[in-house]
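J.: Quick one: the structure is below, questions incoming.
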Amino acid sequence: LAKPVYHPGFIKKVKKVLEIVCHNCSKVRFNRIWNICKKKTRCENEVKEQKPDDGEYGLNMKQAPVNHGGCGNIQPRVRHKALQLIAKYEAQGEDGVKKKEEPPITPEMAHNILRRISDDDLRDMGLNLEYARPEWMIVTVLPVPPPPVRPSISMDGTGQGLRNEDDLTYKLGDIIRANSNVKQAIREGSPAHIAQDFEQLLQYHVAT
1 LAKPVYHPGF IKKVKKVLEI VCHNCSKVRF NRIWNICKKK TRCENEVKEQ KPDDGEYGLN
61 MKQAPVNHGG CGNIQPRVRH KALQLIAKYE AQGEDGVKKK EEPPITPEMA HNILRRISDD
121 DLRDMGLNLE YARPEWMIVT VLPVPPPPVR PSISMDGTGQ GLRNEDDLTY KLGDIIRANS
181 NVKQAIREGS PAHIAQDFEQ LLQYHVAT
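Going left to right, the sequence shown walks through residues 1 to 208 as full-length UniProt numbering numbers them.
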């Protein structure tokens, strides 16, 4: 395929994975229960020093600083809408006013995020490195069933007259045409909104 597309059977699983990893560095965001950590919206990277303990043995003593190892990127809330995933977050404009933005998470973006997750994080998430990598839930290559799986059908029942192709063959034709349009749009440098329309059409035909 010219561009990755979401698999309708795995899009909810992709959403779950995107909710627990950083969209910039692909590190796992939370090591605790979701209910405790769901209000965290930043992949923390700064070193925080805790206030000194004023107890009997803690006067003027500071604990060692904790480095979270993150990248500092703002993390969006992921929402599922039909065959799309949408990122919701607040961005601060030039005038200092926070504005809510809801850009789509394209399958290509999701694929790049998922394939950068480290092997250790995948094991912690309970995924099998050999058989269940998360980026495989995004469709990048579409296998084509052979003709015996989608045989043509005789219109008059005799096998001598007109023949009609199987519905699966027609759908494969739609996918090929939509994929060609996406390739052409990329090759010709078409405007972003036109290329996006072709990608959405390809997503629709693959899903249906």
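We put the CB at the ideal spot given by N, CA and C, even for glycine. For clarity, every value in this text was computed on a predicted model and none was experimentally measured.
Under three-state DSSP, which class holds residue 6?
T.: If DSSP states are grouped into helix, strand and coil, residue 6 belongs with the strands.
J.: Using CA coordinates, which residue listed in 173, 133, 22, 80 is at the minimum distance from residue 8?
T.: 80
J.: Below 9 Å between beta carbons: does that hold for residue 101 and residue 90?
T.: In contact: residue 101 and residue 90 (Cβ atoms closer than 9 Å).
J.: Answer yes if the stretch 14-21 comes into contact with the stretch 187-197, meaning at least three C-beta pairs across the two stretches below 8 Å, and no otherwise.
T.: no
J.: Alpha carbon to alpha carbon, how far is residue 166 from residue 122? Give it in angstroms, no decimals.
T.: 41 Å
J.: Whole angstroms are fine: how far does the CA of residue 174 sit from the CA of residue 205?
T.: 7 Å
J.: Whole-angstrom Cβ separation of residue 162 and residue 178, contact assumed at under 8 Å?
T.: Not confirmed; about 27 Å, so no contact.
J.: Pull up the DSSP beta-bridge partners for residue 86, would you.
T.: Note: residue 86 sits in a beta bridge opposite 79, 104.
J.: With burial defined as no fewer than 16 other Cβ atoms inside 10 Å of the residue's Cβ, what is the status of residue 155: buried or exposed?
T.: exposed
J.: Please state if the CB of residue 143 and the CB of residue 117 are separated by a distance shorter than 9 Å.
T.: no
J.: Under the DSSP definition of a beta bridge, which residues are partnered with residue 98?
T.: 92
J.: Who are residue 163's beta bridge partners in DSSP?
T.: 154
J.: Return the chain-ordered list of same chain residues with a C-beta closer than 6 Å to the C-beta of residue 119, the five sequence neighbours on each side being excluded.
T.: 129
J.: Let me check one thing: in DSSP terms, what residues is residue 28 bridge-paired to?
T.: For residue 28, which the question treats as bridged, DSSP gives the partners 21.
J.: Whole angstroms are fine: how far does the CA of residue 183 sit from the CA of residue 1?
T.: 9 Å
J.: Among 188, 95, 139, which has the Cα closest to the Cα of residue 111?
T.: 139
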